[in-house]
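Contents: one structure, followed by commentary.
Residue numbers (this note's numbering): 1298 to 1423.
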């Protein structure tokens, strides 16, 4: 079992503010996308229940619903990552590995600001 090392480093507020702004913007975009997907879902059409469509139309609706469901699931996963990252920013733990407590490389954070693990722990978890 690894011992968690608590780092005393935290990013200065002037560095965290643009990250927080980016994350809040991403959260808004993801929520908007989720709403759009809900509107695109053939199963959300209330007149669908009364419609006795042909089997091929039902198959198209099911296929469309499956596609929308998969996309919504991906959006939900991204929302969770963004919200978790915002929480880490607010707690002053942004940039620290959630597993070992060491600093996450800034290049890694630049590629994906929602990453929670350093390279070493990320490779260990695979």
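Glycine residues also receive a C-beta, built at the ideal position from the N, C-alpha and C atoms.
Under 8 Å, do residue 1411 and residue 1382 count as touching if we go by C-beta distance? yes
Proximity winner among 1388, 1400, 1397, 1413, relative to residue 1310 (alpha-carbon distances): 1388
CA-CA distance, residue 1313 and residue 1386? 7 Å
What first and last residue would you give for the alpha helix (DSSP H) that runs through residue 1320? 1310-1337
Along the chain, where does the alpha helix (DSSP H) containing residue 1421 start, and where does it finish? 1416-1421
8 Å Cβ cutoff met for residue 1379 and residue 1334: no
For residue 1418, collect the residues of the same chain with a Cβ closer than 6 Å to its Cβ; drop the 5 residues on either side in sequence, then sort them by chain order. 1394, 1396, 1397
With distances taken Cα to Cα, identify the nearest neighbour of residue 1328 among 1340, 1319, 1338, 1375. 1375
Could you tell me the alpha carbon to alpha carbon distance between residue 1416 and residue 1320, rounded to whole angstroms? 22 Å
Determine the direct distance from the alpha carbon of residue 1315 to that of residue 1326, and round the result to whole angstroms. 16 Å
Assuming residue 1308 and residue 1392 are in contact, meaning their beta carbons sit under 8 Å apart, how far apart are those beta carbons, in whole angstroms? 6 Å
What span of residues does the alpha helix (DSSP H) with residue 1407 cover, start to end? 1403-1408
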